[in-house]
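The block underneath contains the structure these notes are about, expressed in structure tokens.
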Amino acid sequence: MEIIYLLIPIAIILVSVGIWAFFWSVKQGQFDDLESPAHRILFEDDGDMIPDDARPDHSDKTDNTP
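So the sequence shown is numbered by full-length UniProt numbering: it starts at 1 and just counts up by one.
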């Protein structure tokens with residue numbers, strides 16, 4: 001039963017740290033934009049990662065416009 005005198009203050013300290021961390025992250029803007037990072041990965045250009053010798057060569061295309 002004496003352990004409860006140790007566990008309750010530790011629990012209160014942990015909850016206080018968690019609440020402080022949450023409010024700090026809100027104040028720093030961590031939750032301002034939750035949609036864009038998830039969509040940005042879909043539209044990211046991977047052209048920089050493809051080696052030059054592996055890129056398709058589009059120089060032989062002819063212009064078929066009248």
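Each residue gets a CB set at the ideal place from its N, CA and C atoms; glycine is no exception.
Treat the numbers as computed from the prediction; the structure is a model and nothing was measured.
May I ask you to report which of helix, strand or coil DSSP gives residue i?
i     : result
Gly29 : coil
Ile4  : helix
Leu42 : coil
Leu14 : helix
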